[in-house]
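**Student:** As they're listed, the protein sequences go chains X and H.
Quick note on numbering: the first sequence equals residues 1191 to 1425 in my numbering.
Quick note on numbering: the second sequence equals residues 324 to 580 in my numbering.
Quick one: the structure is below, and I'll ask about it shortly.
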Amino acid sequence: MDENLTGFENLVMVGRLYHLGRGHSRERARELLSSFDLSDAADRLVRTYSGGMRRRLDLAAALVARPPVLFLDEPTTGLDIRSRIALWDAIEALVSQGTTVLLTTQYLDEADRLADRIAVIDQGLVIAEGTPEDLKTQVGGERLEIHLCDSQRGEDAVAALASIASDRPFVEDGSVLVPVAERRGTIAEAVRRLDTAGIAIDDIAVRTPTLDDVFLNLTGHAAEPEAEEAGMESR
Amino acid sequence: MTALRYGISDTLVLAKRSLLRIPRQPDLLVGFTIQPILFVLLFVYVFGGAIKTPGFDYVDFLMPGIIVQSIVFGGFVTALGLSDDLKKGLMDRFRSLPMTRSAVLTGRTLGDVVTNIFQLVVMFTVGLLVGFNFSSSVGEVVAGVALLLLIGYAFSWVFAFIGLSSSSPEAANAYGFTILFPLTFVSSAFVPVESMPSWLQPIAEHNPFTTMVDAARALFLGIPAGNDVWLALVWTIAIIVLFAPLSAWRYQRVVTR
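Below you can see the structure in the form of structure tokens.
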């Protein structure tokens, strides 16, 4: 974007270069500024914009001509949390209006939130593809994660909980992990059983797999800067 | 026909853009106005007394020269602007648009014509205030102004080439001021060529700046021009014919890099 023009002037310029005509360009610029929450800053020079505002203006400029497909390369990298959420909202709104977005990101939570379909790329190769749910299912469903007051009693806990688990419970790093199929009532049931067996609980939680787990599971290492994840959305 | 219409409209959109930035970057205005004014004052009041210009008041001798120099450097914003656009990724944005490619260059150089007009007004005003007098016909003055604007336009293309060939605005600055600036001094702009050492005189005589300054002097002071005006016109057109395609070629190379 041209830093010495206002947000409005930048968008009008892009509209004019798309040959939309003067009136239509101005109208479209106003429309986009308002949908990206930049109306108040419309007449300020872009050099006074924050990083998040610039990124939103950049995205607005890409949308002047209403493209049916939009490629976004790490659109939220380096943004603060508020700007990131604002940008996510904008991207979601686009998709709901029918734009197909191909977005690359390092942030697995971003892919999880935005993508209808995800392709995981590691070292330049697609190593998995599917909906976020498909991918999470690959690493197993939800599990109970139980920290015991006495870590020596892990095997006792495994024995007590085996019948409510969908797969064999196991001990890892001092916690008992119990794969469960049905979430409803399992925490209460697990607490009752451990109580009956006289095993004291320090902490208990249901853990839903995240895409970080998927990535770790698939690659054996955490997401690295050069290992990218591509999320694809469509409508 | 539509291609031509779009070409013109794209050029105008981008010319407007490059003009809008001037009031918003006041440091650019300093380059346009304060710097040439300081030069006029320095040469008239500091060096002027020591420079002999037989047949002329030094102010009358100097003004056409210094105006040619400042109009030549008026195109410098094009070098800075293009190299800044490259650095900030704006060129990539332009490339993604269905616009006329060459408008990026024609828009800039057209914008320069407007700033050059502004600069001429400033320079002539200062000139008249320090005692410069036109001593030619209105027609010759108008022809002189037109020639100056054409010279300014030609050098906008030289600077476009410099801007597109430099890795940064700072580098563009260095190219402009180490190559072109000395050339404007080894000419008849500030001192008579006859006052230079004999080995330097042929260089100064053949320097296109000398031809251009002599042409401006002839048109503003009403002295016989000889071939100077025609030669200056030929030089100016030759520069455009050479540097416009060179810049376009550089632009293609740079954006596809």
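Even for Gly, the Cβ is constructed at its ideal location relative to N, Cα and C.
Can you give, in chain order, each stretch of the alpha helix (DSSP H) that sits fully within the stretch 437-507 of chain H and has at least 4 residues?
**Tutor:** Taking only runs of at least 4 residues, the alpha helix (DSSP H) segments lying wholly in the stretch 437-507 of chain H are 461-488, 492-498.
**Student:** Please return the same chain residues whose Cβ sits closer than 6 Å to the Cβ of D1402/X, not counting the five positions on each side in sequence.
**Tutor:** Locating residue 1402/X in the first sequence gives position 212, where the first residue counts as 1. So the qualifying residues of the chain are L1298.
**Student:** Could you pull the start and end residues of the alpha helix (DSSP H) that F366/H belongs to?
**Tutor:** As a working note, residue 366/H is residue 43 in the second sequence. Taken as a continuous stretch (DSSP letters only), F366/H belongs to no alpha helix (DSSP H), as it is neither H nor E.
**Student:** L1367/X bridges to which residues according to DSSP?
**Tutor:** Taking the first residue of the first sequence as position 1, residue 1367/X is located at position 177. The partner list for L1367/X (beta bridge, DSSP) reads E1335/X, F1360/X.
**Student:** Tell me, please, which residues DSSP counts as bridged to F1261/X.
**Tutor:** As a first step, residue 1261/X is located in the first sequence; it is residue number 71 there, counting from the start. L1292/X, per the DSSP bridge assignment.
**Student:** Could you compute how far the alpha carbon of G1242/X sits from the alpha carbon of G1268/X?
**Tutor:** Position 52 of the first sequence, counted from the first residue, corresponds to residue 1242/X. Position 78 of the first sequence, counted from the first residue, corresponds to residue 1268/X. Their backbone Cα atoms lie some 9 Å apart in a straight line.
**Student:** Per DSSP, A1318/X forms a beta bridge with which residues?
**Tutor:** The sequence position of residue 1318/X within the first sequence is 128, counting from 1. DSSP lists V1310/X as partners of A1318/X.
**Student:** Let me see if you follow: with CB-CB separation under 8 Å, is H1209/X close to chain H or not?
**Tutor:** Numbered from 1 along the first sequence, position 19 holds the residue referred to as residue 1209/X. Output row for H1209/X: interface = yes.
**Student:** Starting from the beta carbon of V1236/X, find every residue of chain H whose beta carbon is closer than 8 Å, and list them in chain order.
**Tutor:** Here residue 1236/X refers to the residue found at position 46 when the first sequence is read from its first residue. The contacting residues do not exist; V1236/X stays about 10 Å from chain H at best.
**Student:** Since M1203/X meets chain H, which of its residues come closer than 9 Å, beta carbon to beta carbon?
**Tutor:** For the purposes of this step, residue 1203/X is identified with residue 13 of the first sequence, where counting begins at 1. Contact note: M1203/X reaches chain H through V336, L337, K339, R340, using a C-beta cutoff of 9 Å and chain order.
**Student:** When you compare only the Cα positions, how much space is there between A469/H and F447/H?
**Tutor:** Within the second sequence, residue 469/H is the residue found at index 146, counting from 1. Within the second sequence, residue 447/H is the residue found at index 124, counting from 1. Distance between the alpha carbons of A469/H and F447/H is about 14 Å.
**Student:** State the Cα-Cα distance for the pair D1230/X and R1244/X, rounded to the nearest angstrom.
**Tutor:** Along the first sequence, read from residue 1 onward, the residue named residue 1230/X stands at position 40. Along the first sequence, read from residue 1 onward, the residue named residue 1244/X stands at position 54. Their backbone Cα atoms lie some 14 Å apart in a straight line.
**Student:** So what does L556/H bridge to, in DSSP terms?
**Tutor:** Residue numbering aside, residue 556/H sits at position 233 when the second sequence is read from its first letter. Partner(s): none; L556/H has no beta bridge.
**Student:** For I1275/X and L335/H, what's the separation of their Cα atoms in angstroms?
**Tutor:** Along the first sequence, read from residue 1 onward, the residue named residue 1275/X stands at position 85. Along the second sequence, read from residue 1 onward, the residue named residue 335/H stands at position 12. Cα-Cα distance, rounded: 38 Å.
**Student:** Would you check if the stretch 1330-1343 of chain X and the stretch 1289-1308 of chain X touch, i.e. whether three or more CB-CB distances between them fall below 8 Å?
**Tutor:** no
**Student:** In terms of DSSP beta bridges, what is L1235/X paired with?
**Tutor:** In the first sequence, residue 1235/X corresponds to position 45, counting from 1. Per DSSP, T1196/X.
**Student:** In chain X, which residues lie with their C-beta within 7 Å of the C-beta of P377/H?
**Tutor:** In the second sequence, the residue the question calls residue 377/H occupies position 54. Under the 7 Å cutoff, chain X gives no residues; its nearest Cβ is about 48 Å from P377/H.
**Student:** Report the three-state DSSP secondary structure of V1329/X (helix, strand or coil).
**Tutor:** For this step, residue 1329/X is matched to residue 139 along the first sequence. If DSSP states are grouped into helix, strand and coil, V1329/X belongs with coil.
**Student:** What do you get for W522/H, buried or exposed, if any count of 16 or more other CB atoms within 10 angstroms of its CB means buried?
**Tutor:** Here the question's residue 522/H lines up with position 199 in the second sequence. Exposed.
**Student:** Return yes when the Cβ of G404/H is within less than 8 Å of the Cβ of V436/H, no when it is not.
**Tutor:** As a first step, residue 436/H must be located in the second sequence, where it is residue number 113. As a first step, residue 404/H must be located in the second sequence, where it is residue number 81. Cβ atoms of V436/H and G404/H: not closer than 8 Å.
**Student:** Would you please state the rounded distance, in angstroms, between the beta carbons of L1262/X and V1291/X? I believe it to be under 8 Å.
**Tutor:** Indexing the first sequence from 1 puts residue 1262/X at position 72. Indexing the first sequence from 1 puts residue 1291/X at position 101. In this structure, L1262/X and V1291/X form a Cβ contact; the two beta carbons are roughly 6 Å apart against a cut-off of 8 Å.
**Student:** In angstroms, rounded to a whole number, what distance separates the CA positions of T507/H and Y1208/X?
**Tutor:** For this step, residue 507/H is matched to residue 184 along the second sequence. For this step, residue 1208/X is matched to residue 18 along the first sequence. The C-alpha of Y1208/X is placed about 42 Å away from the C-alpha of T507/H.
**Student:** Tell me, to the nearest whole angstrom, how far the beta carbon of A1232/X is from that of G1205/X; I am working on the premise that it is less than 8 Å.
**Tutor:** Position 42 of the first sequence, counted from the start, is the residue given in the question as residue 1232/X. Position 15 of the first sequence, counted from the start, is the residue given in the question as residue 1205/X. Not really, about 14 Å apart at Cβ, beyond 8 Å.
**Student:** Cα separation between F482/H and L1315/X?
**Tutor:** The residue given as residue 482/H occupies position 159 in the second sequence. The residue given as residue 1315/X occupies position 125 in the first sequence. The straight-line gap from Cα to Cα measures roughly 45 Å.
**Student:** Determine the direct distance from the alpha carbon of S393/H to that of E1418/X, and round the result to whole angstroms.
**Tutor:** Mapped onto the first sequence, residue 1418/X falls at position 228. Mapped onto the second sequence, residue 393/H falls at position 70. Model confidence at E1418/X stands at a pLDDT of 47, short of 50, so the residue's coordinates are unreliable; what they give is reported in the following sentence. Their Cα atoms are separated by approximately 52 Å.
**Student:** Can you tell which of H529/H, L337/H, F543/H, V449/H has its C-alpha closest to the C-alpha of V464/H?
**Tutor:** By 1-based counting over the second sequence, the position of residue 464/H is 141. Comparing Cα-Cα distances from V464/H to each of H529/H, L337/H, F543/H, V449/H, the minimum goes to F543/H.
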